[in-house]
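Residue numbers for the sequence shown follow the numbering used here, beginning at 1 and rising by one. Glycine residues also receive a C-beta, built at the ideal position from the N, C-alpha and C atoms.
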Amino acid sequence: MSESLQQLVLDLLDANTTIPDTRTLTIPGQSEPATSQDAQITVLGALNSLLSREMVSFETHETLAHALSAEGNQIAIEGSHEARVWAALPVKGQGAPVTVAQLKTLVGDETASIGQGRAFKNKWIGKDGDGFVQIAPTIQDATKLDLLEVQSTGTLKSGEKVLADLRKRKLIVQRKGQWFTVSKGPNFSTSTAKPETDLTVEMLTSGAWKTSTFKKYNFEAEGAPTTGGSLHPLLKVREEIRNIFLEMGFAEMPTASFVESGFWCFDALFVPQQHPAREVQDTFYLSDPAKSLDPEPKYYKTVSTIHEHGGFGSTGYRAPWSHDETTKLLLRTHTTASSAHMLYKLAARCRGEDVEDDDRPAAGKKPQNSDGKDDGFRPAKLFSIDRVFRNETTDATHLAEFHQVEGVVADRNLTLADLIGFMKVFFSKMGIQQVRFKPAYNPYTEPSLEIFAFHPLLNRWVEVGNSGMFRPEMLEPMGFPKDVRVHGWGLGLERPTMIRYGINNIRTLLGHKTSIDYIEGSPAPML
1 MSESLQQLVL DLLDANTTIP DTRTLTIPGQ SEPATSQDAQ ITVLGALNSL LSREMVSFET
61 HETLAHALSA EGNQIAIEGS HEARVWAALP VKGQGAPVTV AQLKTLVGDE TASIGQGRAF
121 KNKWIGKDGD GFVQIAPTIQ DATKLDLLEV QSTGTLKSGE KVLADLRKRK LIVQRKGQWF
181 TVSKGPNFST STAKPETDLT VEMLTSGAWK TSTFKKYNFE AEGAPTTGGS LHPLLKVREE
241 IRNIFLEMGF AEMPTASFVE SGFWCFDALF VPQQHPAREV QDTFYLSDPA KSLDPEPKYY
301 KTVSTIHEHG GFGSTGYRAP WSHDETTKLL LRTHTTASSA HMLYKLAARC RGEDVEDDDR
361 PAAGKKPQNS DGKDDGFRPA KLFSIDRVFR NETTDATHLA EFHQVEGVVA DRNLTLADLI
421 GFMKVFFSKM GIQQVRFKPA YNPYTEPSLE IFAFHPLLNR WVEVGNSGMF RPEMLEPMGF
481 PKDVRVHGWG LGLERPTMIR YGINNIRTLL GHKTSIDYIE GSPAPML
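This is how it looks when you write it as structure tokens:
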């Protein structure tokens with residue numbers, strides 16, 4: 001239809017120079033002139049297409065017209081409320097008067113309540129005993145006639161006062177319309193062939209470019225905005241935390257092993273084999289392969305003995321040891337499993353194993369113990385940031401897959417005060433000043449502390465991590481000297497990110513509800 005309408009406009013302009021009023025056009029495929037607003041919208045589309053090629057120019061003329069509402073359409077068909085009330089009543093003296101209840105039954109509640117008053121005002125009906133009767137022998141339903149005129153012409157000859165009354169009664173609505181006066185443009189032609197938009201190799205080869213018409217380019221038009229990759233807010237905070245650790249002299253641990261054995265995830269950390277964390281309700285276990293290779297025999301024997309019978313000053317758990325439990329493969333529940341691997345490697349020199357001398361003691365530290373002898377220990381500060389997996393029910397602050405910030409500091413004679421002081425400095429560098437610590441229980445740390453940060457949007461304290469000092473039952477079987485202490489902590493990455501970006505539901509930070517526009521527009525957090 002669009003091309004045929006464009007051709008009609010061009011043919012009329014070719015014959016008459018101008019089209020004074022597009023309402024006189026008859027759109028191809030239709031029998032009536034384009035007087036309706038919908039028809040003029042169709043005409044406008046054709047004119048804009050011709051205008052873009054400078055084939056025509058046009059002026060817009062605005063009009064105000066009226067259309068019937070749903071109630072107005074009903075009145076135009078059935079008559080006004082007052083006329084229907086009058087028609088339902090008997091002539092005075094020629095029948096029993098109609099009561100209000102009877103009238104509602106005859107014409108309906110709405111018509112009876114509206115029409116009764118207007119019929120009285122017009123002196124069409126009157127009171128007769130307990131009912132109503134006709135007192136006007138004939139009537140002229142002016143409301144219906146006015147609406148029929150509006151329906152056909154969009155206005156009323158009787159003037160604005162009557163129109164205003166119909167609008168007040170919500171029988172008509174006012175609508176803006178438009179029509180157009182069309183003239184020839186600088187590139188006027190009766191051909192609707194679209195101009196070429198690109199100069200192709202084929203045109204150059206054949207010479208067709210010489211006779212082709214090309215679309216005019218708008219060199220002042222702005223190009224489409226370019227988009228590039230953008231870091232997720234979680235990755236921005238991860239990078240910030242990583243830089244904080246590096247600034248404080250930490251080295252990053254390798255954490256590529258998402259799958260761990262029960263030995264390294266639990267047993268080496270002195271977590272009892274009967275601990276609830278080992279249940280399928282809390283941990284994802286693998287079905288294929290289901291078992292891991294056996295750990296180093298001597299270390300495995302030491303760990304199983306201290307669990308079952310005690311040692312290094314501990315009574316152990318005094319519970320039967322299961323080899324099957326220790327070889328189960330699982331998705332790691334914490335990156336502390338990776339820390340256990342690294343601590344075991346760190347203690348290799350203390351166990352008397354040959355290690356390349358590529359470790360350096362921390363600045364100002366001496367490797368010797370209190371007796372002045374080198375027992376092989378080297379202080380270390382290590383961290384990692386990676387994913388962990390727990391069989392959790394998702395809610396506003398929990399996910400089944402999330403990131404953990406893990407860190408350990410190994411040195412001689414460390415205290416709990418050192419750990420608290422470090423955590424306060426660490427969080428202050430992240431911009432989180434409101435931090436609290438609460439005593440807690442962990443199988444592999446004693447003493448242990450839960451870490452809470454205040455979330456301003458949730459208006460409550462949110463747990464962001466756990467910390468403590470690794471137990472001798474974990475460290476000494478690895479080969480560490482007795483005076484070596486290790487701080488360990490694990491922090492959630494998602495919750496600090498929520499606090500930093502003012503997010504109150506973790507499911508809008510990660511998952512299908514996350515807005516791409518939000519990710520692209522999120523600023524990098526400042527240190």
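Between the CA atoms of residue j and residue i - distance to the nearest angstrom
{"i": "D529", "j": "A348", "result": "Lying outside 1 to 527, the shown extent of the chain, residue 529 is not represented and no answer is given."}
{"i": "A193", "j": "K215", "result": "11 Å"}
{"i": "A142", "j": "I125", "result": "16 Å"}
{"i": "P300", "j": "T315", "result": "Residue identity differs from the one stated: residue 300 is Tyr in this sequence, not Pro. If you take the alpha carbons of Y300 and T315, they lie about 18 Å apart."}
{"i": "R609", "j": "T111", "result": "Since the first and last residues shown for the chain are 1 and 527, residue 609 lies out of range."}
{"i": "A277", "j": "D483", "result": "30 Å"}
{"i": "I41", "j": "P496", "result": "54 Å"}
{"i": "E392", "j": "A67", "result": "60 Å"}
{"i": "K144", "j": "I77", "result": "8 Å"}
{"i": "V182", "j": "E62", "result": "15 Å"}
{"i": "V173", "j": "S69", "result": "6 Å"}
{"i": "D146", "j": "R507", "result": "59 Å"}
{"i": "G364", "j": "I244", "result": "Per-residue confidence for G364 stands at a pLDDT of 38, beneath the threshold of 50, marking its modelled position as unreliable; the derived number appears in the next sentence. Straight-line Cα distance between these residues: approximately 21 Å."}
{"i": "S206", "j": "S230", "result": "46 Å"}
{"i": "R318", "j": "G310", "result": "7 Å"}
{"i": "G521", "j": "E247", "result": "27 Å"}
{"i": "L346", "j": "R378", "result": "8 Å"}
{"i": "E353", "j": "Q433", "result": "44 Å"}
{"i": "E308", "j": "E476", "result": "16 Å"}
Residue i in three-state terms, based on DSSP
{"i": "A136", "result": "coil"}
{"i": "F58", "result": "strand"}
{"i": "G492", "result": "strand"}
{"i": "T153", "result": "helix"}
{"i": "Q48", "result": "Looking at the sequence itself, residue 48 is Asn, so the reference to Gln does not match. Three-state DSSP puts N48 in a helix."}
{"i": "A221", "result": "coil"}
{"i": "F422", "result": "helix"}
{"i": "L231", "result": "coil"}
{"i": "L298", "result": "Reading off the sequence shown, one finds Lys at residue 298, where the question assumed Leu. Note: K298 maps to helix in three-state DSSP."}
{"i": "D358", "result": "Model confidence at D358 stands at a pLDDT of 48, short of 50, so the residue's coordinates are unreliable; what they give is reported in the following sentence. In the structure shown, D358 sits in coil (DSSP, three-state: anything other than H, G, I, E or B)."}
{"i": "V303", "result": "helix"}
{"i": "T116", "result": "The residue you asked about is not Thr; residue 116 is Gln in the sequence shown. Looking at Q116 - three-state DSSP - the assignment turns out to be helix."}
{"i": "K127", "result": "strand"}
{"i": "L399", "result": "coil"}
{"i": "R351", "result": "coil"}
{"i": "M478", "result": "helix"}
{"i": "V280", "result": "coil"}
Proximity below 8 Å, CB of residue i to CB of residue j
{"i": "A15", "j": "L25", "result": "no"}
{"i": "H334", "j": "W264", "result": "no"}
{"i": "V107", "j": "V133", "result": "no"}
{"i": "G488", "j": "F470", "result": "yes"}
{"i": "T542", "j": "G131", "result": "The requested residue 542 is not part of the displayed model; the chain covers only 1 to 527."}
{"i": "E406", "j": "S467", "result": "no"}
{"i": "Q6", "j": "A65", "result": "no"}
{"i": "F266", "j": "R332", "result": "no"}
{"i": "V271", "j": "P443", "result": "yes"}
{"i": "S384", "j": "M478", "result": "no"}
{"i": "L329", "j": "P289", "result": "yes"}
{"i": "V56", "j": "F188", "result": "yes"}
Residues near residue i by beta carbon distance below 6 Å, same chain, minus five either side
{"i": "K291", "result": "T327"}
{"i": "K184", "result": "L13"}
{"i": "F427", "result": "V435"}
{"i": "S80", "result": "D141, T143, K144"}
{"i": "E196", "result": "S212, F214"}
{"i": "L163", "result": "L156"}
Proximity to residue i [Cα-Cα], best of the options
{"i": "P97", "options": "D109, E71, D128", "result": "D128"}
{"i": "T445", "options": "R485, F454, L234", "result": "R485"}
{"i": "A410", "options": "A417, K381, I432", "result": "K381"}
{"i": "E494", "options": "V462, L156, N442, T197", "result": "V462"}
{"i": "Q37", "options": "T22, P28, S31, S49", "result": "T22"}
{"i": "L10", "options": "F219, S49, T190, E82", "result": "T190"}
{"i": "E260", "options": "Q274, M248, A46, Y285", "result": "Y285"}
{"i": "Q528", "options": "G249, I135, K121, P195", "result": "Beyond the ends of the chain as shown, which are 1 and 527, falls residue 528; an answer cannot be given."}
{"i": "L269", "options": "E473, R460, G159, Y217", "result": "E473"}
Close-in-space but distant-in-sequence residues of the same chain around residue i (CB under 8 Å, 5 per side omitted)
{"i": "D294", "result": "Y300, T327"}
{"i": "P456", "result": "I499, G502"}
{"i": "E3", "result": "T192"}
{"i": "P20", "result": "T181"}
{"i": "Q102", "result": "G131"}
Close beta carbons around residue i, own chain, < 7 Å, minus the five adjacent residues each side
{"i": "N505", "result": "A396"}
{"i": "V464", "result": "I451, F452, A453, L491, G492, R495, P496"}
{"i": "R118", "result": "H81, E82"}
Any C-beta of chain C under 8 Å from that of residue i
{"i": "S191", "result": "As a matter of chain content, chain C is missing from the structure shown, which is built from one protein chain."}
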